[in-house]
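Student:
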């Protein structure tokens, strides 16, 4: 339903005159003439169908109707001003990023210095496994790992992940290891609570791909010892600590691989899901958001070119 409102100039003229109890002072505040203020108030009185000021004797005073209208308009203009000031302040606040704990720790945090080299905009990273609602205005960009992105938001595909076995070079100790012998090590496993993920990447599937034989893969796993985690980041830490060999996200293990904390002894990989950046086109910081998302995508391309 359309709002039937008087002209904004008439409302502003009335509110200023009522606050100052003077057409002249209202005119000075609004940078117009007292005659213009008087004209706008006459227009508003015609629309309302009643006088809003008693003009004689001076100084002017509000009629009963004017006294009822004034606080409503005054509070409204105060709210408008506060909302605009809040928006103006948004340009100085940090860019708020929501993502998973694993992505924040293993991918984003090691690269924050690179972001600071190209931008003086501060970042606030909120790590949680629970997806956020971008429409509540608290978060500017969400980075999520999924088979397919949600609807109702702008989506940028960042990369396609892959999974591979990783192990501490100290634990491997320079030994050659065939896929059929992988049960020499404790197998570090990851069981995500994410829909469609728990059965998507498993040691059984990796061994089937590596050996080409389902029964052999099952037999190898039947003799293996496992450590299981519900967080992908924990599998990487356990592998770095030499607790066993982990089936890990290549994206999250990239830093440890490039720094030599982990090695990847096998070429066989399994496809993972996709990383997406999500944001709202209506966000007033759209240009900054797109610059940040573009930076992430460029960094991921560099990672793919240099897999460690």
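In the working numbering, the protein residues as written are 2 to 309. C-beta: ideal position from N, C-alpha, C; glycine also. All values reported here derive from a predicted model rather than from experimental measurement.
1) Among the residues of its own chain, which have a CB less than 7 angstroms from the CB of residue 254, if the five just before and after it don't count?
2) State the Cα-Cα distance for the pair residue 158 and residue 47, rounded to the nearest angstrom.
3) For the candidate residues 257, 275, 267, whose alpha-carbon lies nearest to that of residue 150?
4) So what does residue 276 bridge to, in DSSP terms?
5) Apart from the five residues just before and just after residue 20, which ones in its own chain have a Cβ nearer than 8 angstroms to its Cβ?
6) In its own chain, which residues sit with a C-beta less than 8 angstroms from the C-beta of residue 34, not counting the 5 before and 5 after it?
7) Once you ignore the five residues that flank residue 244 on each side, which residues in its own chain have a CB closer than 7 angstroms to its CB?
8) Determine the direct distance from the alpha carbon of residue 111 to that of residue 128, and round the result to whole angstroms.
9) Taking the beta strand (DSSP E) that residue 209 belongs to, which residues open and close that run?
10) Would residue 302 be called buried (16 or more neighbouring beta carbons within 10 Å of its own) or exposed?
11) Helix, strand or coil for residue 7 per DSSP?
12) What first and last residue would you give for the alpha helix (DSSP H) that runs through residue 221?
13) Would you please state the rounded distance, in angstroms, between the beta carbons of residue 42 and residue 15? I believe it to be under 8 angstroms.
14) Which partner residues does residue 75 have in the DSSP bridge list?
15) Assuming the contact rule is C-beta atoms closer than 8 angstroms, residue 134 and residue 280 should be a hit. Round their C-beta distance to whole Å, please.
16) Using only alpha-carbon positions, find the residue among 24, 273, 6, 209 that is nearest to residue 61.
17) Rounded to a whole number of angstroms, what is the C-alpha to C-alpha distance between residue 63 and residue 13?
18) Just verifying my parser: in three-state terms, what is the DSSP assignment at residue 15?
19) Can you give me the start and stop residues for the alpha helix (DSSP H) that residue 114 sits inside?
20) Out of 269, 103, 126, 119, point me to the one whose CA is closest to residue 146's CA.
21) With respect to the alpha helix (DSSP H) encompassing residue 333, which residues constitute its N-terminal and C-terminal limits?
22) Decide if residue 234 is buried, meaning its Cβ has at least 16 other Cβ atoms within 10 Å, or exposed.
23) Can you give me the C-alpha to C-alpha distance between residue 80 and residue 73, rounded to a whole angstrom?
Tutor: Short version:
1) Same-chain partners within the cutoff: 167, 237, 263.
2) 57 angstroms
3) 275
4) 146, 160
5) 27, 71, 75
6) 28
7) 187, 189, 228
8) 15 angstroms
9) No beta strand (DSSP E) holds residue 209; the alpha helix (DSSP H) holding it covers 204 to 212.
10) exposed
11) If DSSP states are grouped into helix, strand and coil, residue 7 belongs with coil.
12) 215 to 223
13) About 5 angstroms separates the beta carbon of residue 42 from that of residue 15, a gap short enough to meet the 8 angstroms contact definition.
14) For residue 75, which the question treats as bridged, DSSP gives no partner whatsoever.
15) Going by Cβ atoms, the distance from residue 134 to residue 280 rounds to 13 angstroms, so no, they are not a contact pair.
16) For residue 61, the nearest C-alpha among the options comes from 24.
17) 15 angstroms
18) helix
19) The continuous alpha helix (DSSP H) containing residue 114 extends over residues 113 to 119.
20) Considering only alpha carbons, the answer is 103.
21) Beyond the ends of the chain as shown, which are 2 and 309, falls residue 333; an answer cannot be given.
22) buried
23) Rounded to the nearest angstrom, the two C-alpha atoms are 11 angstroms apart.
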